[in-house]
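Taking it in order: structure first as structure tokens, then the write-up.
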Amino acid sequence: MTLLSVQNLTAGYGQARVLHGVDLTIEEGEAVVVLGANGAGKTTTMRALAGLIGFGGRVEFEGSPLAGLRPDAVVARGVSLVPQGRGTFPHLTVLENLHVGAALRRDKRGIKEDIERWCGVFPVLAERTGQAAGTLSGGEQQMLAVARALMSRPRLLLCDEPSLGLAPKIVAELFGILATINREQGVSLLLVEQNAELALALAGRVYLLEVGRVIASGTAAEFREDETVRRAYLGY
Amino acid sequence: MTPIHVRTGSAAHRGLQIAGLAAAAGALLLGATMEAFRVGQLTNVMIFAIAISGLNLATGYTGLLSIGHSAFFGLGAYTTGVMVVTYGAAPMTTIPLAVLLCAVLGFVVGLPALRIRGLYLALVTLAVGVAFPEVVRRFEDLTGGAAGLVIRSRQLAPPEWTGLTVPQRGIWLYWVSAAALLITLVLVRNLTRSRLGIAMIATRDNEIAAAASGVRLATVKTTVFGLSGAVTGLAGSLFAMYVGALSPDGSFTLLKSIELITGLFLGGAATLFGPVVGAFAVVYLPYFTADLASGHVSGVIFGAVLIAIVFLMPEGIAGVAGRFLGRFIRIAPHENQGERP
Ligand SMILES: Nc1ncnc2c1ncn2[C@@H]1O[C@H](COP(=O)(O)OP(=O)(O)O)[C@@H](O)[C@H]1O
Ligand SMILES: [Mg+2]
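Heads up: the protein sequence lines correspond to chains A and B, in order. Per full-length UniProt numbering, the first sequence runs over residues 1 to 236. Per full-length UniProt numbering, the second sequence runs over residues 1 to 341.
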């Protein structure tokens with residue numbers, strides 16, 4: 001079943017149009033990656049899907065449109081975003097960060113269970129629940145940002161360049177966890193990456209974005225075989 | 001040396017809290033025995049502390065700079081002034097109305113926050129701050145206009161049940177202000193640990209991530225401005241009782257806003273006790289610098305001291321003191337992780 005269907009998505013900032021008609025779909029349970037150079041419009045796509053900026057075109061999540069919804073309404077529908085860069089609240093504790101992720105929930109018991117669950121998945125967080133997020137390392141903060149986004153119990157997790165600025169070892173660990181969450185917790189994944197190597201290992205399907213348009217799409221296997229993609233994104 | 005660790009809710013923590021309260025009560029009792037002039041100064045400090053605590057909610061905890069808090073201070077003061085002078089109300093009974101009107105004004109000022117951000121929002125608050133004295137002048141019939149509004153001392157008599165007489169109104173207001181400050185501090189403390197408080201700090205720290213988490217920025221910002229205005233309005237209401245004479249150019253211009261902002265950052269933004277420390281600083285620092293030199297030189301020294309403090313202690317005096325104390329004693333959250341304290 002199709003979870004997210006995006007047709008002819010247009011968006012921009014003020015007069016400047018950045019997305020000129022993006023099409024993509026995500027099936028239930030899939031992990032999909034969007035590749036593209038700097039400035040291609042990947043972050044803008046994520047912002048539009050999360051309701052942070054207005055957009056044109058048709059976007060349907062579980063069969064009903066997302067257009068015109070405020071960010072909190074999008075979260076309530078089951079879409080959660082890990083924004084590019086720092087996705088945490090540095091002056092709040094790790095625990096409080098997780099509570100912000102549950103801002104729309106009222107089920108105290110369930111929130112508590114989820115905190116325990118994500119602390120189990122991200123052991124670095126379990127050891128630091130009372131610590132201010134700003135005192136965590138970059139990798140720990142990214143883990144926290146992901147855990148925070150999961151606290152709203154999303155059906156679809158949008159991850160905007162989670163590997164940015166992290167050491168390779170941390171990135172590998174993070175991607176391992178994302179894969180587990182996708183496979184075992186049934187959370188579908190839309191991942192934006194510049195690190196194609198890692199992204200292709202995690203995702204089943206790929207979209208290639210260039211100047212606000214999807215210029216190619218296919219399975220991860222097809223992409224790995226593709227000469228131009230290899231040269232442009234994998235460097236061999 | 002290794003700090004002593006104290007858990008929130010433990011007996012040791014309770015003991016510390018009680019010791020703190022006892023120390024504060026002792027200081028207040030001591031203050032009450034001083035000469036009338038000193039009692040008045042301390043009353044002024046406590047009123048300032050309440051006003052700055054209000055500003056702290058918007059500017060400190062939520063990161064919404066307001067240059068218009070003089071308007072809340074003024075609206076609170078004029079509500080009490082007009083109710084007492086024109087309608088013969090007992091001063092204390094005017095407090096709820098002053099707080100309510102300021103909450104409404106705060107909410108309205110917060111409305112532009114739905115659409116605009118950062119410096120633009122600060123400009124809206126600036127406009128409100130500039131407009132307030134003008135509005136007071138315009139509605140002369142109600143406010144006394146530029147000539148001012150004078151509350152007679154008879155009208156400021158302490159309530160009968162206290163058994164206090166008119167000349168004792170200073171000490172009465174001292175204790176009223178102390179109670180109001182205590183209530184304010186308890187409310188701010190509880191608020192900043194509530195869901196809304198966490199949403200406020202999240203909004204300040206990372207607006208996009210907060211919105212993407214489902215925090216309703218619009219609701220948070222308008223609510224915070226309403227609460228912030230209400231608290232500063234409470235201070236304004238008490239201030240009317242304290243000075244007894246209100247004029248639009250007296251204490252309700254942008255200079256007052258700047259004093260409040262100065263006090264907030266000196267004392268420590270987004271800390272509970274920062275506003276209290278900041279209030280002491282803005283009331284007493286000018287006296288100290290005036291002792292060192294006279295006239296303009298004193299103003300220059302005052303400015304230099306402010307700049308030095310802000311540069312040397314970006315977290316404010318309370319922030320630095322908190323960290324210093326943290327070396328000796330650490331208060332950690334309760335073991336029970338899923339529950340918020
Ligand atoms: N807040 C913004 N205001 C104006 N232009 C923006 C903003 N954010 C991004 N842009 C522009 O939009 C284009 C796409 O940016 P973005 O979506 O961030 O690309 P990517 O994430 O693929 O690197 C770039 O040309 C960028 O300069
Ligand atoms: Mg980007």
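Glycine included, each C-beta is placed from N, C-alpha and C at the ideal position. Fair warning: this is a prediction, and the values are worked out from it, not measured in the lab.
Exposed unless 16 or more other CB atoms sit within 10 angstroms - verdict on residue i
{"i": "His5/B", "result": "exposed"}
{"i": "Pro314/B", "result": "exposed"}
{"i": "Glu222/A", "result": "exposed"}
{"i": "Gln141/A", "result": "buried"}
{"i": "Ile116/B", "result": "exposed"}
{"i": "Trp172/B", "result": "buried"}
{"i": "Asn97/A", "result": "buried"}
{"i": "Arg216/B", "result": "buried"}
{"i": "Gly236/B", "result": "buried"}
{"i": "Lys108/A", "result": "exposed"}
{"i": "Arg231/A", "result": "exposed"}
{"i": "Ile18/B", "result": "exposed"}
{"i": "Ala211/B", "result": "buried"}
{"i": "Leu227/B", "result": "buried"}
{"i": "His99/A", "result": "buried"}
{"i": "Gly326/B", "result": "exposed"}
Per-residue DSSP class, three states only, for residue i
{"i": "Ile95/B", "result": "helix"}
{"i": "Thr33/B", "result": "coil"}
{"i": "Ile261/B", "result": "helix"}
{"i": "Gly15/B", "result": "helix"}
{"i": "Gly62/A", "result": "Reading off the sequence shown, one finds Glu at residue 62/A, where the question assumed Gly. Here Glu62/A sits in coil by DSSP."}
{"i": "Ala245/B", "result": "strand"}
{"i": "Leu325/B", "result": "helix"}
{"i": "Arg152/B", "result": "coil"}
{"i": "Leu98/A", "result": "helix"}
{"i": "Gln7/A", "result": "strand"}
{"i": "Val128/B", "result": "helix"}
{"i": "Leu81/A", "result": "strand"}
{"i": "Thr86/B", "result": "helix"}
{"i": "Arg231/A", "result": "helix"}
{"i": "Phe72/B", "result": "helix"}
{"i": "Gly138/A", "result": "helix"}
{"i": "Met151/A", "result": "coil"}
{"i": "Glu225/A", "result": "helix"}
{"i": "Asp141/B", "result": "helix"}
{"i": "Pro167/B", "result": "helix"}
{"i": "Gly106/B", "result": "helix"}
{"i": "Ile181/A", "result": "helix"}
{"i": "Glu134/B", "result": "helix"}
Counterpart residues of residue i in DSSP-defined beta bridges
{"i": "Asp160/A", "result": "Val192/A"}
{"i": "Thr93/A", "result": "Ala132/A"}
{"i": "Glu210/A", "result": "Arg213/A"}
{"i": "Gly68/A", "result": "Partner(s): none; Gly68/A has no beta bridge."}
{"i": "Arg205/A", "result": "Val32/A, Thr219/A"}
{"i": "His5/B", "result": "Arg330/B"}
{"i": "Thr2/A", "result": "Glu27/A"}
CB contact below 8 Å: residue i versus chain B
{"i": "Ala67/A", "result": "no"}
{"i": "Ser152/A", "result": "yes"}
{"i": "Leu92/A", "result": "yes"}
{"i": "Gly12/A", "result": "no"}
{"i": "Pro71/A", "result": "yes"}
{"i": "Glu96/A", "result": "yes"}
{"i": "Arg148/A", "result": "yes"}
{"i": "Pro123/A", "result": "no"}
{"i": "Ile34/A", "result": "For the sequence presented, residue 34/A should be read as Val rather than Ile. So no, Val34/A is outside the interface."}
Residue-level contact to chain A via CB, residue i, 8 Å cutoff
{"i": "Asp141/B", "result": "no"}
{"i": "Ile331/B", "result": "no"}
{"i": "Ala127/B", "result": "no"}
{"i": "Ala321/B", "result": "no"}
{"i": "Asp291/B", "result": "no"}
{"i": "Asp205/B", "result": "yes"}
{"i": "Ser194/B", "result": "no"}
{"i": "Leu210/B", "result": "Per the sequence shown, residue 210/B should be read as Ala rather than Leu. Yes, Ala210/B counts as interfacial toward chain A."}
{"i": "Ala318/B", "result": "no"}
{"i": "Ile198/B", "result": "yes"}
Contact with chain E by residue i, beta-carbon distance below 8 Å
{"i": "Ser10/B", "result": "Here chain E cannot be found, since the structure's protein chains are A and B."}
Can you check the region 9-58 of chain A for any alpha helix (DSSP H) of at least 4 residues that lies completely inside it and give the ranges in chain order?
42-49
Quick one: which unbroken alpha helix (DSSP H) runs of 4-plus residues sit fully inside the region 199-249 of chain B? Chain order, please.
207-212, 217-243
Please specify which runs of the alpha helix (DSSP H), each continuous and at least 4 residues long, are wholly inside the region 277-331 of chain B, giving them in chain order.
295-312, 316-326
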